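One structure is given below, encoded as structure tokens.
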Amino acid sequence: MKRWFEPLTTAWVGIITHKLRSFLTILGIVIGVAAVISLMSIGRGAQSDIMARIGNLGSDLVTISPGASRFGGVRGAAGSIRTLTQEDAGAIAEQIAYIDSVAPIYTSNLQLIVGSENTNSRVTGVPPQYQQIRNLDVAYGTFFSEYDYQRSARVVVLGSEVKETLFGETVDPIGQRIRMGANIVHVIGVLETKGAGYNSADNSILVPLTVLQQMVAQPRTSQGERVISSIALSVGNEDQMSAVLEEITSLLRTRHRLGPNVDDDFRITSMQEIAETITETTGTLTLLLGAIAAISLLVGGIGVMNIMLVSVLERTREIGVRKALGAKERDIWSQFLIEAALLTLTGGIIGIIIGWLISYSVNNSGMMTTVVGTDIVILAVSVSVGIGLFFGFYPAWNAARLNPIDALRSE
Numbered sequence: 103m104k105r106w107f108e109p110l111t112t113a114w115v116g117i118i119t120h121k122l123r124s125f126l127t128i129l130g131i132v133i134g135v136a137a138v139i140s141l142m143s144i145g146r147g148a149q150s151d152i153m154a155r156i157g158n159l160g161s162d163l164v165t166i167s168p169g170a171s172r173f174g175g176v177r178g179a180a181g182s183i184r185t186l187t188q189e190d191a192g193a194i195a196e197q198i199a200y201i202d203s204v205a206p207i208y209t210s211n212l213q214l215i216v217g218s219e220n221t222n223s224r225v226t227g228v229p230p231q232y233q234q235i236r237n238l239d240v241a242y243g244t245f246f247s248e249y250d251y252q253r254s255a256r257v258v259v260l261g262s263e264v265k266e267t268l269f270g271e272t273v274d275p276i277g278q279r280i281r282m283g284a285n286i287v288h289v290i291g292v293l294e295t296k297g298a299g300y301n302s303a304d305n306s307i308l309v310p311l312t313v314l315q316q317m318v319a320q321p322r323t324s325q326g327e328r329v330i331s332s333i334a335l336s337v338g339n340e341d342q343m344s345a346v347l348e349e350i351t352s353l354l355r356t357r358h359r360l361g362p363n364v365d366d367d368f369r370i371t372s373m374q375e376i377a378e379t380i381t382e383t384t385g386t387l388t389l390l391l392g393a394i395a396a397i398s399l400l401v402g403g404i405g406v407m408n409i410m411l412v413s414v415l416e417r418t419r420e421i422g423v424r425k426a427l428g429a430k431e432r433d434i435w436s437q438f439l440i441e442a443a444l445l446t447l448t449g450g451i452i453g454i455i456i457g458w459l460i461s462y463s464v465n466n467s468g469m470m471t472t473v474v475g476t477d478i479v480i481l482a483v484s485v486s487v488g489i490g491l492f493f494g495f496y497p498a499w500n501a502a503r504l505n506p507i508d509a510l511r512s513e
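Following this line, the structure appears as structure tokens:
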């Protein structure tokens, strides 16, 4: 045991004997580790925040939009291209396995009048299944039912931001009337706030699709099929997502009579694919932030080597005395190497504490979400010790090779 503890004890005595030098040695490591912890926690937090917002929509959500991906190198506008029909949605529901629900969606701009409020807004017509597909929760009131849908009840469900715009924060909108074009509808529900994000429902104005079809003239194809804005569906078995998307593509190409050399006239987007892309992108961003912060660790490591070389020079006589008393080269080498590792480990621990405090403060301030993972902490500690061993090797090797006679003559 003495063989292992003696170098540690000697190295620790060397550290506390030269407090200022030890402080300067660990300062660069503290700054570097704190930067790594705080920046990587911000990257992880951004990823967590985005994934939570996508999770609100449901990872089983698939959206089909009209229009080819590109026309002559220019992306087509979904609102101006009419390639999806309500009958397409019905065919998908009937012929594709592993699908829980399908919702045809049609949108139209209508004038809304509530008291003195007069605005032109986008109204969305959907079936009742849309609530389950989009994972929408009602804050108060209710969503329209299948019965409302079948009898074309003049009811509307509002997003939280729309409710505040039309009625303010204090007025209860349930039961209130809204003039929608030439029609009167009654508010029966308000959706819970989802927050800003992809396809947020906070600005939604939802009515039964059968009602909107009565309010506006819905376009039809040359075959008499009803044109819609998009299709939303949920896949029951996410493991079958890829197979389901391929089957939907094949079905729609057949229904739209597209030849083998003709591009799709629709776009399919799944939340699963979006989540995977975002995870990959934010993961790369987190690593990039960590790499930028690691540069300061590299600078700190160079500082460790410089100060350890100065330490060896200042303690030349001490090294000579130890060698004269029987210390071997490996004893001197291990003393200085362990001293460097202890210094950087101490700096790493202090840096972790400071980095965590920074992340905690940023998270509590509400500016952004931060996540300090155990793996980041372990990585920071490991890198700290590794830097000490790597950059302490050369000074330790120099110390171990000093000639004891020359060392004793040193002043």
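The end of the sequence shown is residue 513 by the numbering used here, with every number in the run present. Note that beta-carbon positions come from the ideal geometry of N, C-alpha and C, so glycine has one too. All figures in this text were calculated on a predicted structure; none of them were measured in a lab.
Since residue i is in the beta strand (DSSP E), which residue starts that stretch and which ends it?
i       : result
Met-317 : Counting along the chain, Met-317 falls outside any beta strand (DSSP E), though it belongs to the alpha helix (DSSP H) covering 311-317.
Ile-290 : 285-293
Ala-539 : Only positions 103 to 513 of the chain appear in the structure, and residue 539 is not among them; the question remains open.
When DSSP labels each residue in this structure, what does residue i get in the three-state scheme?
i       : result
Ser-302 : coil
Met-470 : coil
Ala-255 : coil
Val-240 : strand
Pro-168 : strand
Arg-417 : coil
Ile-201 : strand
Glu-441 : helix
Gly-403 : helix
Val-273 : coil
Thr-448 : helix
Thr-185 : coil
Ser-463 : helix
Lys-265 : helix
Phe-125 : helix
Ser-150 : helix
Pro-143 : One point to set straight first is that residue 143 is Ser, not Pro, in the sequence displayed. Note: Ser-143 maps to helix in three-state DSSP.
Ser-398 : helix
Ser-247 : coil
DSSP has residue i in a bridge; who is on the other side?
i       : result
Val-216 : Glu-219
Leu-308 : Thr-226, Val-259
Leu-163 : Ser-336
Arg-322 : Arg-328
Pro-56  : Past the edges of the chain, shown from 103 to 513, lies residue 56, and the structure says nothing about it.
Met-282 : Leu-214, Asn-285
List the endpoints of the continuous alpha helix (DSSP H) containing residue i.
i       : result
Met-194 : Sequence inspection shows Ile at residue 194; the Met mentioned does not correspond to that position. Taken as a continuous stretch (DSSP letters only), the alpha helix (DSSP H) holding Ile-194 covers 188-197.
Thr-476 : 476-502
Could you check if residue i is buried or exposed, using at least 16 other CB atoms within 10 Å of its CB as the buried criterion?
i       : result
Ile-409 : buried
Gln-325 : exposed
Pro-362 : exposed
Ser-65  : The structure shown does not extend to residue 65, since the chain spans only 103 to 513, so no value can be given for it.
Ile-152 : buried
Met-469 : exposed
Gly-385 : exposed
For residue i, verify whether its CB is less than 8 Å away from any heavy atom of the ligand SAH.
i       : result
Val-132 : For the structure depicted, the ligand SAH is absent and the ligand set is empty, with no information on it obtainable.
(request) Please go through the stretch 336-388 and give each complete alpha helix (DSSP H) segment of 4 or more residues, from N-terminal end onward. (result) 343-357
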